[in-house]
Amino acid sequence: MSPRPAFQSAPHLGDWVSIDQDGAIVLYSGRVELGQGALTAIRAMAAAELGCQPDVIRLQSARTDLSPNEGPTVGSMSIAQGGYAVRLAAAALREQLLMIAEDLLPAEREALTLKDGIVFHHGEKTELTVGALAHKVDYSPALTEDVKILGKGLVKAMAPRRIGLRERLIGTPFLHDLEPEGLLFGGPIHPPTMTSELVEIDLDALRARPGVVAVIRDGSFLGVVTESSYETARAVRWARNNARWRETATAPDDYMQALAGANEPFKQGFAKGDVEAVQGQRYETKVSRPYLSHASIGPSASLATWQEDNLEVYSHSQSIFDLRDALANVFAMDQEQITVIHHPGAGCYGHNGADDVALDAALLAKAVPGRPVKVVWDREDEFRHEPMGAAMVSHASAILRADGSIAAMSVEVTSPPHANRPGSSGLPNLLAATYLSNKMISPQSQDVPLEIGGGADRNAIPIYAVPNMKVSKRLVHSLPYRTSALRSLGAYCNVYGIETLMDQIALARGEDPIAFRLRHLDDPRARAVIEAVAADSRAIREEDAAEGTGWGIGFARYKNTEGYCAVVAHVQVKDIVRVTDLFAVVDVGETIDKDGVLNQVEGGMVQATSWTLKEAVTVDGTHVQPATWNDYDILRFSEVPRVNVRILDHATEPPVGAGELAQGPTAAAIGNAVRSAIGIVVPNLPISRDAVIKAAMDASND
Amino acid sequence: MVSPVTPKDLKLKVNGIERSIPTDCDTPLLYVLREDFGLKGTRFGCGTGGCGACTVIADGKAVTSCDLPASAFAGQTIETVETLATGGDHPLLTAVLKLQAAQCCYCLPGILMAAKALLDDDPSPTRERIVSALDGNLCRCGAHPRIIRAITEAAAETGGAK
Chain A
1 MSPRPAFQSA PHLGDWVSID QDGAIVLYSG RVELGQGALT AIRAMAAAEL GCQPDVIRLQ
61 SARTDLSPNE GPTVGSMSIA QGGYAVRLAA AALREQLLMI AEDLLPAERE ALTLKDGIVF
121 HHGEKTELTV GALAHKVDYS PALTEDVKIL GKGLVKAMAP RRIGLRERLI GTPFLHDLEP
181 EGLLFGGPIH PPTMTSELVE IDLDALRARP GVVAVIRDGS FLGVVTESSY ETARAVRWAR
241 NNARWRETAT APDDYMQALA GANEPFKQGF AKGDVEAVQG QRYETKVSRP YLSHASIGPS
301 ASLATWQEDN LEVYSHSQSI FDLRDALANV FAMDQEQITV IHHPGAGCYG HNGADDVALD
361 AALLAKAVPG RPVKVVWDRE DEFRHEPMGA AMVSHASAIL RADGSIAAMS VEVTSPPHAN
421 RPGSSGLPNL LAATYLSNKM ISPQSQDVPL EIGGGADRNA IPIYAVPNMK VSKRLVHSLP
481 YRTSALRSLG AYCNVYGIET LMDQIALARG EDPIAFRLRH LDDPRARAVI EAVAADSRAI
541 REEDAAEGTG WGIGFARYKN TEGYCAVVAH VQVKDIVRVT DLFAVVDVGE TIDKDGVLNQ
601 VEGGMVQATS WTLKEAVTVD GTHVQPATWN DYDILRFSEV PRVNVRILDH ATEPPVGAGE
661 LAQGPTAAAI GNAVRSAIGI VVPNLPISRD AVIKAAMDAS ND
Chain Z
1 MVSPVTPKDL KLKVNGIERS IPTDCDTPLL YVLREDFGLK GTRFGCGTGG CGACTVIADG
61 KAVTSCDLPA SAFAGQTIET VETLATGGDH PLLTAVLKLQ AAQCCYCLPG ILMAAKALLD
121 DDPSPTRERI VSALDGNLCR CGAHPRIIRA ITEAAAETGG AK
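Read top to bottom, the protein sequences are chains A and Z. Each residue of the first sequence is one higher than the one before, starting from 1 at the first, in UniProt numbering. Each residue of the second sequence is one higher than the one before, starting from 1 at the first, in UniProt numbering.
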């Protein structure tokens with residue numbers, strides 16, 4: 001996918017950059033900082049075009065009334081698209097500044113350069129500064145891709161430092177820390193399931209709880225506003241214990257079984273050649289993952305204020321423009337009456353409760369016009385009411401020719417949808433909107449089409465050079481749980497299936513899994529990362545394997561069009577699987593922020609290790625069960641592997657994202673390492689103690 | 001015999017300053033730190049002591065502050081993350097900044113305090129001691145490898161000073 005800057009919604013130079021009264025360059029990006037470091041890289045890309053240090057550029061954090069609408073900050077597209085747009089805008093500003101200087105000096109354009117805010121002529125300082133030229137800049141020209149980029153390959157050498165890191169460590173950077181004059185604290189009491197209704201609550205008794213300023217009920221939406229956050233926590237707890245709900249739906253006993261037995265139709269998403277016509281030895285695997293929680297450490301939060309007919313909302317949403325439009329839809333307002341301002345929250349790793357809590361705050365603040373109301377979900381809200389990462393089943397098969405080459409591969413994916421972002425189906429898709437008296441139930445999501453990266457079927461197309469392929473997707477809408485985007489969407493499970501199948505075939509043939517992959521890859525960049533990770537992990541792969549230890553490899557190119565990532569895992573299996581070492585080599589095209597890339601890949605690998613070894617959301621009927629961290633354990637410090645990441649830089653290639661490319665390969669490398677350690681494949685994630693025992697029993701029964 | 005209850009202020013020392021709270025204060029320490037004392041560097045994560053985001057040091061020990069009433073800390077000496085930047089940066093803060101050992105940072109104040117309690121007790125801890133001291137602190141971004149490196153580097157600094 002070639003990057004498309006958002007020049008349709010923000011066509012003019014002035015939509016992206018300006019020069020303020022002090023002569024400082026101001027950058028407007030519609031991308032938001034989620035802890036992933038995207039804005040650090042994007043600002044450095046602008047600085048490289050403008051010949052200055054990144055930290056002299058003032059960065060306007062995204063807000064719907066000032067920033068270009070680039071759509072949501074998702075899918076590892078911030079650098080490829082958002083950074084590219086800023087690069088073009090900054091280059092256009094530089095060209096215009098130098099054109100103005102050319103007239104003023106006068107001097108020939110080719111001899112002029114811009115450095116640290118000063119115009120240079122033949123390398124000599126002139127008296128012209130950016131500040132002095134600012135009043136002549138015309139911000140109306142339309143931006144195009146037809147502008148000279150000077151910074152390509154230069155940004156990496158700048159080694160930009162993370163913006164605001166110190167403040168994040170010892171300061172008050174988060175939405176949770178906002179404390180405007182007159183602040184009140186709101187708390188929603190969510191229906192316990194997506195399909196229950198509020199029958200009865202003693203509103204007078206709730207009003208009489210300590211500190212309660214207002215009580216709101218609208219349909220099954222119930223909430224309180226109090227004078228302090230602890231009073232809110234106590235009132236919410238009281239209301240949860242005293243409200244009566246009616247369940248209107250039933251759920252299957254075992255959601256994984258229900259998913260595997262779903263009979264909604266498969267739709268073919270990709271095909272080449274004729275899979276059905278191919279004859280040969282058939283191999284297959286059916287893998288699955290359960291529902292996963294985003295499990296942000298900081299719960300979702302928002303702050304809303306109504307002033308007459310206008311609504312202002314602080315949010316850590318990934319999609320502030322879509323959130324604004326969804327809120328306008330709920331309150332039947334014009335978009336211009338609502339301003340959504342991005343303010344940092346904890347890492348979200350996809351679509352968590354960030355948008356939902358914003359509607360909660362707006363609904364509660366409406367009861368106290370003129371007063372800001374802050375809502376911070378509690379841990380139970382965060383686990384039970386956020387949209388989860390979808391459970392899924394991925395069925396991969398391959399047919400081998402007599403010469404040992406793969407002639408055909410098919411992948412069938414069964415999953416609830418992975419995309420239910422605000423407004424994505426024309427309706428708000430916000431939690432509380434579904435149980436207001438004017439219910440705004442969302443229509444069935446159709447997931448992300450494969451043409452724009454895929455949802456459940458992301459990375460379901462095998463990356464290998466195989467002449468016949470077929471990929472299809474079965475979307476399941478019958479389970480009563482809410483799902484949406486979790487980092488890498490379906491890629492995690494699909495890569496697990498395809499890559500454990502590759503090992504299965506290689507082992508059956510007695511062939512080295514690395515050589516077997518290389519034999520089916522003709523893309524030199526794909527081959528390079530695999531060869532590099534093989535070299536980096538050689539010592540650990542070649543050491544005498546102790547009982548119960550093993551190594552495995554996993555590889556993918558994210559979305560089949562973005563970054564390349566090969567991972568080798570080393571594991572030790574006793575009662576449980578312990579990942580001791582992870583090696584990764586990635587190719588994200590031009591490296592913009594080297595340390596940022598390393599950080600994202602390391603973090604993605606550690607998070608994927610957690611998903612792969614430990615995580616599953618349990619349900620009881622229609623109830624999502626986890627309420628505390630005791631119910632949803634994630635990887636702890638003592639369980640974290642040593643992690644080694646290397647980048648293969650391709651300065652001439654477009655830069656792409658690094659946050660989502662390692663999850664699938666990491667899971668696959670771990671799964672293949674477990675097989676090499678104990679001879680057993682664990683197809684159903686997570687590879688917990690129970691799963692290892694069950695897989696061993698299944699294997700001995702075969 | 002039960003003596004008559006007279007509401008009397010309880011004292012505790014927070015970052016070197018004497019503070020007082022009502023005896024009947026059943027509000028968890030975290031809320032008192034953030035909302036009454038204006039020390040908002042300590043984070044709310046779960047309310048049940050399960051994630052460690054609210055970790056502070058009380059009488060030299062790392063403890064979660066979200067699940068015990070402030071009154072339970074009467075007479076104790078509390079240190080919060082703000083102390084790491086008081087009178088010069090603590091080596092832990094310096095190392096985390098230098099190695100960019102963080103992503104979203106929501107968990108970091110708690111981790112820094114757990115690490116400070118460890119280094120105060122053992123200036124040159126092994127990797128095993130570090131990960132064991134941090135096992136009650138969750139990080140979702142996966143910054144663990146960097147955080148462990150940063151603490152090791154800080155330990156080399158503080159250990160050298162002793």
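All residues carry an ideal CB built from backbone N, CA and C; glycine is no exception. Please read all numbers here as calculations on a predicted model, not as lab measurements.
Skipping 5 residues on each side, what residues in its chain have a beta carbon closer than 7 Å to that of residue 258 (chain A)? Within the first sequence, numbered from 1, the residue matching residue 258 (chain A) stands at position 258. Here the set comprises 252, 479.
What do you get for residue 533 (chain A), buried or exposed, if any count of 16 or more other CB atoms within 10 angstroms of its CB means buried? As a working note, residue 533 (chain A) is residue 533 in the first sequence. Result: buried.
Among residues of its own chain, excluding the 5 on either side of residue 118 (chain A), which ones have a beta-carbon nearer than 8 Å to its beta-carbon? As a position in the first sequence, residue 118 (chain A) is number 118, starting the count at 1. Within the same chain, residue 118 (chain A) has close Cβ partners 125, 126, 128, 129, 130.
Using the beta-carbon of each residue, which ones in chain A are nearer than 8 Å to residue 97 (chain Z)? Position 97 of the second sequence, counted from the first residue, corresponds to residue 97 (chain Z). Within 8 Å Cβ-Cβ: 165, 166, 169.
Can you pull the chain Z residues whose beta carbon is under 8 Å from the beta carbon of residue 675 (chain A), in chain order? Residue numbering aside, residue 675 (chain A) sits at position 675 when the first sequence is read from its first letter. Residues of chain Z passing the Cβ test: none, with the nearest at roughly 24 Å.
Euclidean distance between Cα positions of residue 667 (chain A) and residue 492 (chain A): In the first sequence, counting from the first residue as 1, residue 667 (chain A) sits at position 667. In the first sequence, counting from the first residue as 1, residue 492 (chain A) sits at position 492. About 7 Å.
Can you list the residues of chain A that residue 138 (chain Z) reaches, using a CB-CB cut of under 8 Å? Reading the second sequence from its first residue, position 138 is the one you call residue 138 (chain Z). By Cβ distance, chain A contributes 297, 629, 634, 636.
Going by the C-beta, is residue 392 (chain A) closer than 6 Å to any heavy atom of the ligand ADP? In terms of ligand content, the structure shown is empty, and the ligand ADP therefore cannot be addressed.
Beta-carbon of residue 607 (chain A) versus every beta-carbon of chain Z: anything under 7 Å? Counting from one through the first sequence, the residue named residue 607 (chain A) turns up at place 607. At least one chain Z Cβ lies under 7 Å of residue 607 (chain A).
Per DSSP, what kind of secondary structure is residue 113 (chain Z) in: helix, strand or coil? As a working note, residue 113 (chain Z) is residue 113 in the second sequence. Here residue 113 (chain Z) sits in helix by DSSP.
Under 8 Å Cβ-Cβ, which residues of chain A neighbour residue 108 (chain Z)? As a position in the second sequence, residue 108 (chain Z) is number 108, starting the count at 1. Ordered by position in chain A, the residues that pass the 8 Å Cβ test against residue 108 (chain Z) are 168, 169.
Does any C-beta atom of chain A lie closer than 7 Å to the C-beta of residue 134 (chain Z)? Here residue 134 (chain Z) refers to the residue found at position 134 when the second sequence is read from its first residue. Yes, contact with chain A.
What residues are listed by DSSP as bridge partners for residue 58 (chain A)? Your numbering for residue 58 (chain A) matches position 58 in the first sequence. BP columns for residue 58 (chain A) point to A:26.
So what's residue 198 (chain A) in DSSP terms, helix, strand or just coil? Along the first sequence, read from residue 1 onward, the residue named residue 198 (chain A) stands at position 198. Strand at residue 198 (chain A).
At the level of alpha carbons, what is the spacing between residue 28 (chain Z) and residue 68 (chain Z)? As a position in the second sequence, residue 28 (chain Z) is number 28, starting the count at 1. As a position in the second sequence, residue 68 (chain Z) is number 68, starting the count at 1. Computed Cα separation, rounded: 5 Å.
Grab me the residues of residue 108 (chain Z)'s own chain with a C-beta within less than 6 Å of its C-beta, minus the 5 sequence neighbours each way, in chain order. Translated into positions along the second sequence, residue 108 (chain Z) becomes position 108. Only 102 meet the Cβ criterion.
Buried or exposed, going by whether 16 or more other CB atoms sit within 10 Å of the CB of residue 80 (chain Z)? The sequence position of residue 80 (chain Z) within the second sequence is 80, counting from 1. Result: buried.
Within its chain, find whatever has a CB closer than 6 Å to the CB of residue 441 (chain A); leave out the 5 residues flanking it on each side and keep chain order. Indexing the first sequence from 1 puts residue 441 (chain A) at position 441. Hits under 6 Å: 434.
By how many angstroms is the C-alpha of residue 646 (chain A) removed from the C-alpha of residue 273 (chain A)? If you number the first sequence from 1, residue 273 (chain A) lands on position 273. If you number the first sequence from 1, residue 646 (chain A) lands on position 646. Whole-angstrom Cα-Cα distance: 36 Å.
Assigned secondary structure, residue 1 (chain A) (DSSP; H/G/I helix, E/B strand, else coil): Position 1 of the first sequence, counted from the start, is the residue given in the question as residue 1 (chain A). With a pLDDT of only 44 at residue 1 (chain A), under 50, the local geometry of the prediction cannot be trusted, and the value read off the model is given with reservation. Reduced to three states, the DSSP call for residue 1 (chain A) is coil.
Between residue 37 (chain A) and residue 402 (chain A), what straight-line distance do the alpha-carbon atoms span, to the nearest angstrom? The residue given as residue 37 (chain A) occupies position 37 in the first sequence. The residue given as residue 402 (chain A) occupies position 402 in the first sequence. The alpha-carbon atoms of residue 37 (chain A) and residue 402 (chain A) are separated by roughly 49 Å.
Can you name the residues of chain Z whose CB is closer than 7 Å to the CB of residue 595 (chain A)? Looking up residue 595 (chain A) in the first sequence gives position 595. In chain order: 100.
Which ranges would you report for the alpha helix (DSSP H) in the region 473-527 of chain A if only whole runs of at least 4 residues count? 491-508, 513-519
Buried or exposed by the 16-neighbour rule on C-beta atoms within 10 Å, applied to residue 205 (chain A): For the purposes of this step, residue 205 (chain A) is taken as the residue at position 205 of the first sequence. By the neighbour-count rule (16 or more Cβ atoms within 10 Å), residue 205 (chain A) is not buried but exposed.
Look at residue 513 (chain A) and residue 590 (chain A) and say whether their C-beta atoms are less than 7 Å apart. As a position in the first sequence, residue 513 (chain A) is number 513, starting the count at 1. As a position in the first sequence, residue 590 (chain A) is number 590, starting the count at 1. The answer is no: Cβ separation not under 7 Å.
CB-CB under 8 Å to residue 2 (chain Z), same chain, minus the five flanking residues each way: which ones, in chain order? The residue labelled residue 2 (chain Z) in the question sits at position 2 within the second sequence. Reliability of the predicted coordinates at residue 2 (chain Z) is poor, the pLDDT of 40 falling under 50, and no value is obtained from them.
Pair every Cβ in the region 49-61 of chain A with every Cβ in the region 23-30 of chain A, then say whether three or more of these pairs are closer than 8 Å. yes
Run through the region 58-116 of chain Z for me and flag every whole alpha helix (DSSP H) of 4 or more residues, listed as ranges in chain order. 91-99
Classification of residue 5 (chain Z) by the beta-carbon crowding that lies within 10 angstroms, buried from 16 upward: Stepping through the second sequence from its first residue, residue 5 (chain Z) is reached at position 5. With a pLDDT of only 47 at residue 5 (chain Z), under the threshold of 50, the placement of this residue in the model should not be trusted, and no figure is reported.
Taking only beta-carbon atoms, is residue 76 (chain Z) less than 7 Å away from chain A? As a first step, residue 76 (chain Z) must be located in the second sequence, where it is residue number 76. Not one chain A Cβ lies under 7 Å of residue 76 (chain Z).
Ordered along the chain, which non-local residues of its own chain (more than five positions away) have a Cβ less than 6 Å from that of residue 14 (chain A)? For the purposes of this step, residue 14 (chain A) is identified with residue 14 of the first sequence, where counting begins at 1. Closer than 6 Å at the Cβ level, and outside the excluded window around residue 14 (chain A), lie 139.
Chain-ordered chain Z contacts of residue 602 (chain A) [CB-CB under 9 Å]: Along the first sequence, read from residue 1 onward, the residue named residue 602 (chain A) stands at position 602. Under the 9 Å cutoff, chain Z gives 142, 143, 144, 145, 146.
What is the rounded straight-line gap between the Cα of residue 399 (chain A) and the Cα of residue 288 (chain A)? As a first step, residue 399 (chain A) is located in the first sequence; it is residue number 399 there, counting from the start. As a first step, residue 288 (chain A) is located in the first sequence; it is residue number 288 there, counting from the start. Cα-Cα distance, rounded: 21 Å.
Nearest residue (CA-CA) to residue 222 (chain A), options A:247, A:201, A:229: What you label residue 222 (chain A) is simply residue 222 of the first sequence in a count that begins at 1. Taking only the C-alpha atoms, the option nearest residue 222 (chain A) is A:201.
Taking its Cβ as the centre, do 16 or more other Cβ atoms sit within 10 Å of residue 40 (chain A), making it buried, or is it exposed? For the purposes of this step, residue 40 (chain A) is taken as the residue at position 40 of the first sequence. Looking at its Cβ environment, which holds 16 or more other Cβ atoms inside 10 Å, residue 40 (chain A) is buried.
Whole angstroms is fine: what's the gap from residue 161 (chain Z)'s alpha carbon to residue 148 (chain Z)'s? To locate residue 161 (chain Z), count along the second sequence from 1; it is residue 161. To locate residue 148 (chain Z), count along the second sequence from 1; it is residue 148. In this prediction, residue 161 (chain Z) scores a pLDDT of 43, lower than 50, which makes its location untrustworthy; no coordinate-derived value is stated.
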